[in-house]
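Novice: Here it is: the structure, laid out below.
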Amino acid sequence: MNYCFVRRVTSSIIASLFSLIFGIGSAKSVDAQDTKRLSFCQENKSLFHLNQGVERKLTVAVLNFESSKYTINEYGSKQYPIQITGLGNILESKLVKNNQLAVTKLEEIKSLSLEQLRKIRDQNGIEAIIIVTVNSFDTIKTNQGGWLFTKEKTNQEINISLNLQVVDTTTGEIVLEAEGNGDESGNSFTEVKLPFSVDITYDTGKRYDSYNTGYSIVFKFGESSQTTTISKTTNNIQEKLVVLATEKAMNEITNQLNTHSEELACLLRKPTLIADVNGSQVILNKGKLHGYCKEMIFSIERSPQTIIDPATGRIISMKTEKVGTIKLSEVDAQSSLGVGITEPGKSFQVKDIAKLTNDANCPEQQDENNSTAA
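Heads up: the sequence shown is residues -27 to -1, 1 to 347, going by mature numbering (1 follows the signal peptide of the UniProt record, and there is no 0).
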């Protein structure tokens, strides 16, 4: 089981999510900066909405993409193609069943700009887009026996590797990348029962050799209680092995997401804080990359306090103390300079919380995105 946190930043526009699917760039393991960020998150859970009662589950959406076409060897050197689709549907179903993340349904999306990602976040509250694709696919066939009076026995083995990427809808960063591996082998199946819905469709319009046609495997979204039985209709068993191996790999990916859901929230929910103070001037720890621009106005607040329900003892709300107000005057990619006024008897401090109070459009940033896209 493998997982690694990634801090790869895309350009100001994501040209296409298909570029993310095929793993452009390399993932790197969690570094010292990410470790510090996770530690800060654990020490300041209220800033990341992780407190009991007022926490909100991380809201994600899973996208579906078709795999590339792979070939399965059969009957010596003969080959025929296979394409796997609907992996996102199965991951979505598993995440809903495990109930660690809040999953929101999205219509099919071919490609997204950074501006569209932020629109999805604003309109649907989706904090991350999850993409799962086939990373590699291998088939192995071994023959045993066949000498003298013994009957030759053919054993099939399927190895599949799935890649998962979690994309921050605010910045376009890939904040988590994981891999799930599955393998299955056998020489005979009467039927295979699966805990989800799946269709195996044969391409009857074109024969790839004298024995087989090409086929596609389509995983479908269904209730957790829904099952599908694949009966043995041909002499080859590869399609059943592919489905079972994919199920193993999908379980591995799902477990990784569920196990690290809190760490994922820490990476996606970076709070806006004061990083430096010079009198009435402050520097915030976010900038254009996070959708900020000049003229935005923020309320500066401090010391979130928990509000406890006396009947249940659960945290039901958070209360902060207002320190002042600032307006942004300069904004770069990672930070913003603001000038403001404070409440009587108060002053700005590092780690004060900045809450956006006006939903300002950012024409400069939109122009940047458009020019980059062009």
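The beta-carbon is built from N, C-alpha and C at its ideal position, and this holds for glycine as well.
Nearest-angstrom Cα distance between His263 and Ile104?
Specialist: Position 290 of the sequence shown, counting from 1, holds the residue named residue 263. Position 131 of the sequence shown, counting from 1, holds the residue named residue 104. Spanning the two alpha carbons is a distance of roughly 21 Å.
Novice: For the alpha helix (DSSP H) containing Gln89, list its first residue and its last residue.
Specialist: Against the sequence shown, residue 89 aligns to sequence position 116. Run containing Gln89: 87 to 97, per the alpha helix (DSSP H) assignment.
Novice: DSSP state of Asp282, grouped into three classes?
Specialist: Numbered from 1 along the sequence shown, position 309 holds the residue referred to as residue 282. Asp282: coil per DSSP, three-state reduction.
Novice: For Pro277, collect the residues of the same chain with a Cβ closer than 6 Å to its Cβ; drop the 5 residues on either side in sequence, then sort them by chain order.
Specialist: For this step, residue 277 is matched to residue 304 along the sequence shown. The answer, listed in chain order, is Ser19, Met291, Thr293.
Novice: Return helix, strand or coil for Asn154, following the three-state DSSP convention.
Specialist: Within the sequence shown, residue 154 is the residue found at index 181, counting from 1. It is a strand residue.
Novice: Tell me, please, which residues DSSP counts as bridged to Lys300.
Specialist: The residue you call residue 300 lines up with position 327 of the sequence shown. Lys300 is bridged to Ile270, Val312.
Novice: Taking the alpha carbon of Asn154 as the reference point, which residue from Leu135, Ile147, Val148 has its own alpha carbon closest?
Specialist: By one-based count along the sequence shown, residue 154 stands at place 181. Cα-wise, what sits closest to Asn154 is Leu135.
Novice: Does the segment 254 to 274 come within contact of the segment 299 to 311, defined as at least 3 CB pairs closer than 8 Å?
Specialist: With a cut-off of 8 Å, the segment 299 to 311 and the segment 254 to 274 count as touching, because enough Cβ pairs lie within range.
Novice: To which residues does DSSP link Thr143 through a beta bridge?
Specialist: Against the sequence shown, residue 143 aligns to sequence position 170. BP columns for Thr143 are empty, so no partner.
Novice: If you follow the alpha helix (DSSP H) that Val33 is in, where does it begin and where does it stop?
Specialist: Walking along the sequence shown from the start, residue 33 turns up at place 60. First-last for Val33: 32 to 36, but that is the beta strand (DSSP E), not the alpha helix (DSSP H).
Novice: Taking the alpha-carbon of His22 as reference, which of Pro244, Phe110, Gly313, Ile273 has the nearest alpha-carbon?
Specialist: Taking the sequence shown and counting its residues from 1, the one referred to as residue 22 is at position 49. His22 has its Cα closest to that of Pro244, out of Pro244, Phe110, Gly313, Ile273.
Novice: In three-state DSSP terms, what is Glu294?
Specialist: The residue you call residue 294 lines up with position 321 of the sequence shown. Strand.
Novice: If you scan the segment 207 to 246 from start to end, which runs of the beta strand (DSSP E) of 3 or more residues do you find wholly inside it?
Specialist: None, since the segment 207 to 246 contains no complete beta strand (DSSP E) of that length.
Novice: Do three or more CB pairs link the segment 64 to 81 to the segment 99 to 113 at distances below 8 Å?
Specialist: The segment 64 to 81 is in contact with the segment 99 to 113.
Novice: How should Val139 be labelled, buried or exposed, when 16 other C-beta atoms within 10 angstroms of its C-beta is the threshold for buried?
Specialist: Looking up residue 139 in the sequence shown gives position 166. With 16 or more Cβ atoms within 10 Å of its Cβ, Val139 is classed as buried.
Novice: Do you know how far the Cα of Leu237 is from the Cα of Val148?
Specialist: For the purposes of this step, residue 148 is taken as residue 175 along the sequence shown, with counting starting at 1. For the purposes of this step, residue 237 is taken as residue 264 along the sequence shown, with counting starting at 1. Between Val148 and Leu237, the C-alpha separation is close to 8 Å.
Novice: I'd like the span of the alpha helix (DSSP H) that includes Lys70, first residue to last.
Specialist: Here residue 70 refers to the residue found at position 97 when the sequence shown is read from its first residue. Element bounds for Lys70: 60 to 71.
Novice: Contact check, Glu152 vs Asn108 under 8 Å by CB: the rounded distance?
Specialist: Indexing the sequence shown from 1 puts residue 152 at position 179. Indexing the sequence shown from 1 puts residue 108 at position 135. That pair is a contact at about 7 Å.
Novice: I need the boundaries of the beta strand (DSSP E) containing Ala306, first residue and last residue.
Specialist: Your numbering for residue 306 matches position 333 in the sequence shown. Taken as a continuous stretch (DSSP letters only), Ala306 belongs to no beta strand (DSSP E), as it is neither H nor E.
Novice: Just the Cα atoms here: how many angstroms apart are Val215 and Arg94?
Specialist: Here residue 215 refers to the residue found at position 242 when the sequence shown is read from its first residue. Here residue 94 refers to the residue found at position 121 when the sequence shown is read from its first residue. One C-alpha to the other measures close to 35 Å.
Novice: My output table needs one value for Arg287: the three-state DSSP class, helix, strand or coil.
Specialist: Here residue 287 refers to the residue found at position 314 when the sequence shown is read from its first residue. Reduced to three states, the DSSP call for Arg287 is coil.
Novice: When we look at the beta-carbon of Gly59 and count the other beta-carbons within 10 Å, is it buried (16 or more) or exposed?
Specialist: To locate residue 59, count along the sequence shown from 1; it is residue 86. Buried.
Novice: Could you check whether Ile273 and Ala222 sit closer than 9 Å to each other, using their CB atoms as the reference points?
Specialist: Along the sequence shown, one-based indexing puts residue 222 at 249. Along the sequence shown, one-based indexing puts residue 273 at 300. Not closer than 9 Å, so no.
Novice: Just reading off the beta strand (DSSP E) that Lys328 is part of, what are its end residues?
Specialist: Taking the first residue of the sequence shown as position 1, residue 328 is located at position 355. Its beta strand (DSSP E) spans residues 326 to 329.
Novice: With DSSP as the reference, please indicate the residues paired to Arg275 in a beta bridge.
Specialist: The residue given as residue 275 occupies position 302 in the sequence shown. In DSSP, Arg275 forms a bridge with Glu294.
Novice: I need the boundaries of the beta strand (DSSP E) containing Gln254, first residue and last residue.
Specialist: Within the sequence shown, residue 254 is the residue found at index 281, counting from 1. Residues 254 to 257.
Novice: Taking the alpha-carbon of Glu130 as reference, which of Ile280, Val312, Val296, Thr219 has the nearest alpha-carbon?
Specialist: Here residue 130 is taken as the residue at index 157 of the sequence shown, counted from 1. Out of Ile280, Val312, Val296, Thr219, Thr219 has the C-alpha closest to the C-alpha of Glu130.
Novice: Among the candidates Thr298, Thr143, Ile113, whose CA atom is the shortest distance from the CA of Gln89?
Specialist: For the purposes of this step, residue 89 is taken as residue 116 along the sequence shown, with counting starting at 1. Here the closest residue by C-alpha is Thr143.
Novice: Does the beta-carbon of Asp7 have 16 or more other beta-carbons within 10 angstroms, so that it is buried, or is it exposed?
Specialist: The sequence position of residue 7 within the sequence shown is 34, counting from 1. Classification for Asp7: buried.
Novice: Could you work out which residue in Lys324, Asp156, Thr232 is closest to Phe110 when comparing CA atoms only?
Specialist: The residue labelled residue 110 in the question sits at position 137 within the sequence shown. Among Lys324, Asp156, Thr232, the Cα nearest to that of Phe110 belongs to Asp156.
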